[in-house]
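Colleague: My questions all concern the structure below.
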Amino acid sequence: MLNKLILVLNCGSSSVKFSIFNFYDEQRRLFGFAEFFSFKKVYIQWSLNNVIKSRILSSVSSIDLVLDYIIFNVLLKELRLLGEVFAVGHRIVHGGLSFIKSEIINDNVVKGIEESIPFAPLHNPAHLIGISKIMKQFPSLVKRNVAVFDTSFYQNIPEEAYLYPLPYYFYKNYGIRRYGAHGLSHYYVFQESAKFLNKSCKNLNIITCHLGNGSSISAISNGCCVDTSMGLTPLEGLVMGTRCGDIDPSIIFYLYEKFNISLENIKKILTEQSGLLGLNNGVSYDCRDIEKNYYDVSSGAHRAINVFCYRLAKYIGAYSILMDNSLDAVIFTGGIGENSVLIRELTLRRLKLLNFKLDHKRNLSIHSGKSGFITTCDSSISAIVIPTCEELVIVRDVVSLLG
Ligand code: ADP
32 MLNKLILVLN CGSSSVKFSI FNFYDEQRRL FGFAEFFSFK KVYIQWSLNN
82 VIKSRILSSV SSIDLVLDYI IFNVLLKELR LLGEVFAVGH RIVHGGLSFI
132 KSEIINDNVV KGIEESIPFA PLHNPAHLIG ISKIMKQFPS LVKRNVAVFD
182 TSFYQNIPEE AYLYPLPYYF YKNYGIRRYG AHGLSHYYVF QESAKFLNKS
232 CKNLNIITCH LGNGSSISAI SNGCCVDTSM GLTPLEGLVM GTRCGDIDPS
282 IIFYLYEKFN ISLENIKKIL TEQSGLLGLN NGVSYDCRDI EKNYYDVSSG
332 AHRAINVFCY RLAKYIGAYS ILMDNSLDAV IFTGGIGENS VLIRELTLRR
382 LKLLNFKLDH KRNLSIHSGK SGFITTCDSS ISAIVIPTCE ELVIVRDVVS
432 LLG
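Position 72 of the sequence shown, counted from 1, bears residue number 103 in the numbering used here, the numbering being contiguous throughout.
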């Protein structure tokens, strides 16, 4: 018997990720992605039943065409074997103030996503293209498309955490507040960590670190998210691959007034040329490359990793005091959190006051999709690596809304 399936679509600024899950048992049947940093060359890869297939496309010059390729040449072909798509879940990076939970997509939801474009100018337009393509190609599913928002996880953080100390009407009239990002990832590892710690979610006091090209950290006290590092947009907070994270806002005026750098260029510098890449003299933003040179203490790589770990440790320290009860654990996830033995060690080493007892053997052995404790059994605060799976959060919300 053919299974009912859920398609999960994550259209980003430079990639599209797509997955097909069984509706009933949450098993992932197909996973694929397309990468198009510049449209000169689009790389598409997907795997089905442990068989990996890939294509390089050179004549595809927009996300519209990438999606057409994925729909006609991958999904419709592979679905002949897999079964029938029953519903589609769309990951939406920014829902602004309009959405506190996942929604079945209708005209109002589309309007709300459009209105939030200024807060996620690279992501929300791509999401809208994805929604419209799917609605057109799968007309029978028009009422079974669900939008799942990264920002929903942060809708209940306290006012003192989401307000900026700016004129209050900026928030009231313009919606300027902390919205957070990576909510699906933080929520997924939060739920998973309950199993590791053998506690119910509502009693968990943890700090979740999503460390990838984009990085963010969230504080969860007694099962409620109480603060997060990303702000109005995903530029605030930790050091990232190419984004600066927290800086003194006066740097912008200084660059503009003293060096005549245009606002457009400053934006480019802060989003595309800063973070690990900037500190590493523009050599690479890829943590794997940077780590190779870490032990050369005069290198940009050494500097970049030290600033990254220092900032991360500073946030963990600050968030640890937000816990209602003592901190249970720090969770590492995302490409760097799941794989970088070095960054996990250098960060925990800086947190002497919290007294993590790192288990070096465990830390060394956990990477490439493995999960587990990297602290010793008698460490009063644990550190755990949990590979993220944002798609499963989407699948569960689709099932709960349409099931
Ligand atoms: P994105 O934010 O684009 O989803 P990812 O979560 O995929 O990013 O993380 C990408 C980052 O993870 C890159 O900096 C990459 O170098 C890093 N990474 C992946 N594997 C490893 C590894 N084995 N060791 C260190 N860093 C790694």
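Note that CB positions come from ideal geometry on N, CA and C, so glycine has one too. Computed from a prediction, not measured in an experiment: that's the story for all the values here.
(1) Going along the chain, which residues of its own chain have a beta-carbon closer than 6 Å to the beta-carbon of R86, five neighbours each way excluded?
(2) Near G365, what residues of its chain come up, given a Cβ to Cβ distance below 6 Å and the 5 sequence neighbours on each side ignored?
(3) Are the stretch 314-333 and the stretch 197-208 touching, with three or more C-beta to C-beta distances below 8 Å?
(4) Should H509 be listed as close to the ligand ADP, given that the test is whether its C-beta is under 7 Å from any heavy atom?
(5) Is I367 near the ligand ADP, going by C-beta to nearest heavy atom under 7 Å?
(6) Do you know how far the Cα of E134 is from the Cα of F150?
(7) Return the chain-ordered list of same chain residues with a C-beta closer than 7 Å to the C-beta of L379, the five sequence neighbours on each side being excluded.
(8) With respect to 7 Å, is the separation between the Cβ of S371 and the closest non-hydrogen atom of the ligand ADP below this value?
(9) Would you list, in sequence order, the uninterrupted alpha helix (DSSP H) runs of no fewer than 4 residues that lie entirely inside the stretch 169-214?
(10) Could you round the C-beta distance between L307 and C275 to whole angstroms and report it? I think they count as a contact, below 8 Å.
(11) Got a sec? Which residues, its chain only, sit under 7 Å from G254 by beta carbon, not counting five neighbours each side?
(12) Name the two residues that bound the continuous alpha helix (DSSP H) containing E421.
(13) Please classify L358 as buried or exposed, where buried requires at least 16 neighbouring CB atoms within 10 angstroms.
(14) Helix, strand or coil for T302, going by three-state DSSP, please let me know.
(15) Determine the DSSP secondary structure at F365, reduced to helix, strand or coil.
(16) Roughly how many whole angstroms lie between the Cα atoms of L266 and S147?
(17) Under a Cβ-count criterion, where at least 16 other Cβ atoms within 10 Å of its own Cβ denotes burial, should Y285 be classed as buried or exposed?
(18) Who pairs with R122 in a beta bridge, going by DSSP?
(19) Is S90 buried or exposed, if buried means 16 or more other CB atoms sit within 10 Å of its CB?
(20) Quick one: what does DSSP say I336 is sitting in, helix, strand or coil?
Modeller: From the atom records:
(1) Taken in chain order, the residues that qualify are I75.
(2) Non-local beta-carbon contacts of G365 in its own chain, meaning distances under 6 Å to residues more than five positions away in sequence, involve H241, L242 and G243 in chain order.
(3) Contact fails: fewer than three Cβ-Cβ distances are below 8 Å.
(4) Outside the shown range of the chain, which is 32 to 434, sits residue 509, and nothing can be said about it.
(5) Correct: I367 has its Cβ closer than 7 Å to the ligand ADP.
(6) Taking C-alpha positions only, F150 is separated from E134 by approximately 19 Å.
(7) Correct list, in chain order: F387, L389 and A414.
(8) Distance from the C-beta of S371 to the nearest heavy atom of the ligand ADP is below 7 Å.
(9) The qualifying runs are 190-193 and 199-205.
(10) With 8 Å as the limit, L307 and C275 do not qualify as a contact, their Cβ atoms being about 10 Å apart.
(11) Around G254: C232, K233, N234 and L235.
(12) Its alpha helix (DSSP H) spans residues E421 to L433.
(13) With 16 or more Cβ atoms within 10 Å of its Cβ, L358 is classed as buried.
(14) T302 falls in the helix class under three-state DSSP.
(15) According to the sequence provided, residue 365 is Gly. The question's Phe does not apply to it. Correct three-state label for G365: helix.
(16) C-alpha separation (whole angstroms): 16 Å.
(17) Exposed is the call here.
(18) R122 pairs with V179.
(19) With fewer than 16 other Cβ atoms within 10 Å, it is exposed.
(20) Secondary structure at I336: helix, using DSSP grouped into helix, strand and coil.
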